[in-house]
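Each residue of the sequence shown is one higher than the one before, starting from 25 at the first, in the numbering used here.
Each residue gets a CB set at the ideal place from its N, CA and C atoms; glycine is no exception.
Structure record follows, encoded as structure tokens.
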Amino acid sequence: MGALGIGEVLLTIYETRNYISNLKLKIKEFKMYSEMEGELLVIKEKIQNIKKTLIDSKTAGEHLKDIEKLLQDIESRIGEISYYSDKVISADDKNKLENSIEEWKEDLESILEHIIQDNEFFKEYRYIIMLAISTSDQFDLISYQIHMDTSISRILGNIRKLKGRLINIYKSVREEGIMNLDSIVQDIIKGTDILISELSRQKEFDESTKQRIQRFIERWNSRIRSIGEDIIHYIAIYGPGKRTVSSIRISVDGQTFEIQKEDFPFILGRYAPPPGGKDPPDLGPAHCLAIKTKNKKYFLFTGTRCRWGCGADETDCTSREHVWFEISNDARQVIITNIGRGPVYTTRNGEKTEVGRQGIPIHARTHLHISGVYDIYKTRKVDIIIDIIYQKESLPVGDQVDQG
């Protein structure tokens, strides 16, 4: 089984472990056994999904027995509390569940680590994946301590430890050449510096400070967890080793074009032939979305139509030259810039970001949305899907690649 199948297994385990980890803080808020039972049923379903991906990927082996044992443990806990669904949870049962959560987390982490170590594609990245997990655990610990009214001095000490882990992640993603992740980690490090400075001047928490810090911690933890997922996805798609841009694949409603690096930079915009337009005539339907390369090649998405001729107050229009695509100086990412009149957005993992100038992540599919781009009937806005294709790069870390 290749890296893609293993990647699905690892992502399923990773996501489930994170879900279980989040549950520890939620337990304190539970009132009724029914709440606890509901969460355990969700976990059971996730563990069953892990079992399925293990079997489908043909990597089950000894790990399948571990997962089945974990399932039995969870089912046993569900059975124990199902008789008390309408009753208030006892403190003793909350503590028991907390202990079980720690055991389940450790079990999943052990399975994850063994699968990584046994696979040639992933073992090269074992350190950074496990570091992302331990860093997330440090975030969880700080969240828990804030919730439990732990002293500022103790929380401050753990935030300093957290910063050390973040610095190690930053160094690792830079050394591995996994672009875009280093800037995310760097932003979190800067945030922890501000937090350390602020807490060093305080002797005790007020409620508003606690809530604000908790929000920061939760947001940063989410980003660190996504980094672990991104790295697993990146390796599953591209395999181990440093990479440089080879080409970019752009798809719209089933029509796909692949642009090679020698055709960069290029523009994505409205095809505007004569009369009134500057593009070559008779290439296809007027005002469809088109790729226009520096070598004067045109690739038309004939199933699209772009709005144009908008008034001064309208923004849902597509410019003839709307989005500029170029390869970065080190050839390790594609940079996109909005040079049109209307807004441009990217969407990834459900998060929408307006484009001014930004890098497209190498480790996940990106969805691009350009103002004014519709289907042929102009009834539905279309989704532009971008995948970057990479080639292996044999240069030592730190060297740059000539874009030629």
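Next item on the list: Kindly indicate which three-state DSSP category phenylalanine 163 falls into: helix, strand or coil?
Entry: DSSP places phenylalanine 163 in helix when its eight states are reduced to three.
Next item on the list: Since I believe isoleucine 183 is in contact with isoleucine 166 (beta carbons under 8 Å), could you give me their beta-carbon distance rounded to a whole number of angstroms?
Entry: A Cβ-Cβ separation of about 6 Å places isoleucine 166 in contact with isoleucine 183 under the 8 Å criterion.
Note to self: Measuring CB atoms only, is the segment 41-59 touching the segment 99-111, in the sense that at least three cross pairs come out at less than 8 Å?
What the structure shows: These segments touch.
Note to self: Short of 8 Å in beta carbon distance, which residues of its chain neighbour glycine 333, apart from the five on each side in sequence? Order them along the chain.
What the structure shows: The beta carbon of glycine 333 sits closer than 8 Å to the beta carbons of Cys341 from its chain, once the five residues preceding and following it are set aside; these are given in chain order.
Next item on the list: Could you tell me which residues DSSP pairs with methionine 56 in its beta bridges?
Entry: According to DSSP, which records beta bridges pairwise, methionine 56 is partnered with Val112.
Margin query: From the DSSP secondary-structure annotation, give me the bridge partner or partners of cysteine 330.
Written below: Looking at the DSSP output, cysteine 330 bridges to Val397.
Notebook entry, point to check: Mapping DSSP to helix, strand and coil, what is aspartate 411?
Noted result: For aspartate 411, the three-state secondary structure derived from DSSP is strand.
Checklist line | Buried or exposed (CB count within 10 angstroms, at least 16 for buried), glycine 428 | finding: Per-residue confidence for glycine 428 stands at a pLDDT of 26, beneath the threshold of 50, marking its modelled position as unreliable; the derived number appears in the next sentence. Classification for glycine 428: exposed.
Next item on the list: Taking all protein chains shown into account, decide if serine 196 is buried (16 or more other Cβ within 10 angstroms of its Cβ) or exposed.
Entry: Under the 10 Å beta carbon count, serine 196 is surrounded by 16 or more other beta carbons and is classified as buried.
Notebook entry, point to check: The alpha helix (DSSP H) with valine 209 in it runs from where to where?
Noted result: In this chain, the alpha helix (DSSP H) harbouring valine 209 covers 205-224.
Notebook entry, point to check: Counting along the chain, where does the beta strand (DSSP E) carrying glycine 278 start and finish?
Noted result: Run containing glycine 278: none; DSSP gives neither H nor E here.
Next item on the list: On a CA-only basis, which of Glu242, Tyr43, Ile213 and Gly300 is nearest glutamate 63? Give me that one, please.
Entry: Looking from the CA of glutamate 63, the closest CA among Glu242, Tyr43, Ile213 and Gly300 belongs to Tyr43.
Check: Ends of the beta strand (DSSP E) at threonine 174?
Finding: Neither: threonine 174 is in no beta strand (DSSP E) and is coded neither H nor E.
Next item on the list: Identify which residue in Val209, Ile248, His171 and Ile220 has its Cα closest to the Cα of glutamate 231.
Entry: Of the listed residues, the one whose Cα sits closest to glutamate 231 is His171.
Notebook entry, point to check: Considering only C-alpha positions, which residue in the set Ser177, Lys185, Ser246 and Ile135 is nearest to leucine 223?
Noted result: Measuring from the Cα of leucine 223, the nearest candidate turns out to be Ser177.
Next item on the list: Per DSSP, which residues does isoleucine 272 bridge with? Please list them.
Entry: DSSP, once it has assigned bridges, lists Ile283 and Ile412 as partnering isoleucine 272.
Note to self: For tyrosine 149, list the residues DSSP reports as bridge partners.
What the structure shows: DSSP lists no beta-bridge partner residue for tyrosine 149.
Notebook entry, point to check: Is there contact here, the segment 125-138 with the segment 229-248, by at least three beta-carbon pairs under 8 Å?
Noted result: The segment 125-138 is not in contact with the segment 229-248.
Checklist line | Residue from Lys302, Gly301 and Cys330 with nearest C-alpha to leucine 313 | finding: The shortest C-alpha separation from leucine 313 is found at Cys330.
Check: For the segment 282-325, which segments carrying the beta strand (DSSP E) assignment without a break, of at least 3 residues, lie completely within its bounds, in sequence order?
Finding: Listed in chain order, the beta strand (DSSP E) runs fully inside the segment 282-325 are 290-294, 313-317 and 322-325, counting runs of at least 3 residues.
Notebook entry, point to check: If you drop the 5 nearest sequence neighbours on each side, which residues of the same chain put their C-beta closer than 7 Å to that of serine 418?
Noted result: In this prediction, serine 418 has a pLDDT of 37, which is less than 50 and means its spatial position is unreliable; nothing more can be read from the coordinates.
Next item on the list: State buried or exposed for tyrosine 38, treating a residue as buried only when at least 16 other CB atoms are found within 10 Å of its CB.
Entry: With 16 or more neighbouring CB atoms inside 10 Å of its own CB, tyrosine 38 falls in the buried class.
Check: So does the segment 404-411 actually touch the segment 376-395, counting three or more Cβ pairs closer than 8 Å?
Finding: Put simply, the segment 404-411 touches the segment 376-395. At least three CB pairs are less than 8 Å apart.
Margin query: Helix, strand or coil for arginine 17? Go by DSSP, reduced to three states.
Written below: Any answer about residue 17 is impossible in this case: the structure gives the chain only from 25 up to 428.
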